[in-house]
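Let me begin by presenting the structure, written as structure tokens, before commenting on it.
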Amino acid sequence: MSEENKKRDGFGSKLGIIAAAAGSAIGLGNIYRFPCELGDNGGAAFLLMYLVMVVLLGIPVMLSELVIGRRTQSNAVGAFKILAPKSGWPLVGYMGVLCGIIIFAFYTTVAGWTLEYIFKAVTNSFHGKDLATMQQDFADFHNLGWLNVILQAMFIFLTGYVVFRGVQNGIEKFSKILMPLLLGILVILGIRSATLPGAHEGLAFLFKPDFSKITGEVLIDALGQSFFSLSLGMGVLITYGSYVKKTDNLTSTAFSVIFADTLVAVLAGIVIFPAAFSFGIRPTAGMGLVFNTIPMIFNQMTGGYIFCIIFFALLAIAALTSTISLLEVVVAFLSEELHLNRKKATILTCVLTLIIGSFASLSLMENTPFAIGGKTVFDLMDAISSDILLPIGGLLIVIFVGWKFGKQKFFDEVTNEGTLKSSLTKIFFFIIRYLAPLAIAVVFISGLIKS
Ligand code: PHE
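Here you go:
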């Protein structure tokens, strides 16, 4: 066994796969992006479509990635090289690496804001502010473009430090305690939000579907959001799968991660919408929806000062465990395929990401030059990665497992060479082979035609 492989195994034995995969899944995608998408796409109808995507596609795609990773013990590109040498399949891995860099680049714009909001919370600067002032502060903050870039740089290099030092195990263990705490705070916030005057309108927006709102665009956004939130379609779970022990149960891992991720997203909806309606924040308010609504709720709560600090600190940590997974995909690729050492690979990726990502941050200023056809670079990077690259990646991954990898190997891997009994495995394979490719393709194409 080479030096490299020894290192992989050492990492693998210490990493709790559920903690790591859930850490990757739960993040700004749940608490920030999900409410924005839901608000933009008409509320409950989007929630319903989102849940359909998660249930129908989440488990099969996640299992497919884990299976590829654990089977090959390799990174997103290397895995395809091993399973399908001298073919075009490794391109799926390259696309994943590219997508990882793009997501890392714009994700850290928002992740940087969490640092600013921790600071604001500690200095009690939300106290007593009305909505108009809160919104103005948020806009002013974006206009300080370089401050956003500096915060983004801090977040990128924090991620780099963790990945380089290999301390992610520590962070994941830590977050096994912290994420339930985040869940706890979300429950408390949800109760406060749902009991504000006028909250019922927000609850109706979230839970009473208006089926006429389901358009091609809503479908494709729901598909993109489900992949984004579950970290699917770009090789995070191939890479993490490669660190998983042969005795771990992949199916129950996938179930647990998906359950936890969905719970956090729905809770975030229950926190945001009743309060937003109560305060008079439009559900289509985009970025401000979450970053203005949440401090407003804390302002209405006893102990709000402390809760607010804890909340934003936990949000930053949730974002960190997601950026770690994004960076890990790229670093695992660079170090194993291009034989860069991990330190060089990490620094290179972080610097490159910062350069690309600063365009995303600066594109949010008023009168920014970084917009194309009325869309900011931030929005473009978000849309290209989540609504195009992730679904295409997911589509190719299920086609690969269903048609090239094959049933026998899939069964061996999911049942740990026959030691686990899983009556669902047959159904999953059927979905992977026929249903998932069809569903992703149909949604994707109908979305493209209608939008
Ligand atoms: N799933 C993460 C979140 O919800 C974001 C992410 C997307 C991470 C894709 C890795 C890969 O915040």
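In our numbering, the protein residues as written are 112 to 562. The C-beta atom is built at its ideal place from N, Cα and C for all residues, glycine as well. The structure presented is a predicted model; accordingly, all values stated were derived computationally and were not measured.
Beta carbon of residue i nearer than 8 Å to that of residue j
i	j	result
Leu-139	Tyr-218	yes
Leu-158	Leu-294	no
Met-476	Ala-216	no
Pro-385	Leu-300	no
Phe-370	Tyr-228	no
Ile-392	Leu-292	no
Leu-269	Leu-431	yes
Cys-147	Gly-505	no
Phe-540	Phe-521	yes
Gly-199	Phe-266	no
Ala-130	Tyr-351	no
Ile-320	Ala-547	For the sequence presented, residue 320 should be read as Pro rather than Ile. No, these two residues do not count as a Cβ contact at 8 Å.
Val-178	Thr-373	no
Thr-464	Ile-212	yes
Val-554	Ile-435	no
Ile-193	Val-355	no
Val-509	Val-440	no
Met-245	Ala-429	no
Gly-153	Lys-357	no
Glu-528	Ile-349	no
Assumed close pair residue i, residue j - CB separation to whole angstroms, cut-off 8 Å
i	j	result
Gly-150	Leu-400	6 Å
Ile-331	Gly-558	3 Å
Ile-142	Leu-426	6 Å
Ala-232	Cys-419	4 Å
Leu-437	Leu-459	Rounded, the Cβ-Cβ distance is 15 Å, inconsistent with contact.
His-253	Asn-410	Incorrect: roughly 21 Å between the Cβ atoms, too far for contact.
Thr-362	Leu-535	7 Å
Gly-327	Ile-560	6 Å
Gly-513	Ile-556	Actually they do not touch by this definition, with Cβ atoms about 19 Å apart.
Gly-256	Leu-473	5 Å
Ala-195	Lys-515	6 Å
Distance cut-off 7 Å: residue i Cβ against heavy atoms of the ligand PHE
i	result
Phe-339	yes
Gly-138	yes
Asn-82	Shown here, the chain extends from 112 to 562; a query on residue 82 therefore has no answer.
Ile-214	yes
Val-80	This structure cannot speak to residue 80, because the chain is shown only from 112 to 562.
Val-329	no
Leu-258	no
Ser-533	no
Ser-433	yes
Ser-436	yes
Ser-135	yes
Ser-175	no
Ser-342	yes
Val-347	yes
Cβ-based neighbour list, residue i, same chain, cut-off 7 Å, excluding 5 preceding and 5 following
i	result
Glu-448	Asn-186, Val-188, Gly-189
Ala-471	Ala-216, Phe-217, Thr-220, Val-488, Phe-489, Met-492
Leu-549	none
Ala-376	Asn-141, Phe-145, Ser-340
Tyr-161	Ala-333, Gln-336, Ser-337
Met-112	Residue placement at Met-112 is poorly supported in this model, since its pLDDT is 37, which falls under 50; the coordinates still yield a value, given next. Answer for Met-112: no residue qualifies.
Leu-126	Confidence at Leu-126 is low in this model, with a pLDDT of 49, below 50, so its placement is unreliable and the value that follows should be read with caution. Only Asn-280, Glu-283, Tyr-354 meet the Cβ criterion.
Leu-531	Asn-360
Ser-533	Thr-362, Val-525, Thr-526
Ala-379	Asn-141, Ile-142, Phe-145, Pro-146, Leu-297
Val-442	Val-274, Arg-453, Ala-456, Thr-457, Thr-460
Gly-123	Any reading at Gly-123 must be qualified, since the residue scores a pLDDT of 47, below 50, and its modelled position is unreliable; no value is offered.
Lys-518	Phe-540
Residues of its chain near residue i, where Cβ-Cβ distance is below 6 Å and the 5 sequence neighbours each way are ignored
i	result
Ile-288	none
Ser-469	Val-260
Phe-422	Ile-296
Ser-433	Ser-135, Gly-138
Gly-415	Phe-409
Ile-214	Leu-437, Ser-496
Ile-467	Ala-216
Ala-365	Ile-170, Met-173, Leu-174
Gln-184	Ser-353
8 Å CB neighbourhood of residue i in its chain, flanking five on each side removed
i	result
Phe-388	Gly-309, Ala-310, Glu-312, Gly-313, Phe-316, Pro-394
Lys-454	Phe-275
Ala-552	Leu-506
Pro-502	Ile-331, Leu-334, Gly-335, Phe-338, Gly-344, Ile-551, Val-554, Phe-555
Ser-367	Ile-129, Ala-133
Glu-115	Confidence in Glu-115 is poor, its pLDDT being 44 and thus under 50, which makes the residue's placement too unreliable to answer from.
Practice item. Count the C-beta pairs between the region 405-423 and the region 199-214 that are closer than 8 Å, then say yes if the count reaches three, no if not. Key: no
Point to revise | the region 161-174 / the region 330-338 touching (three or more Cβ pairs under 8 Å) | key: yes
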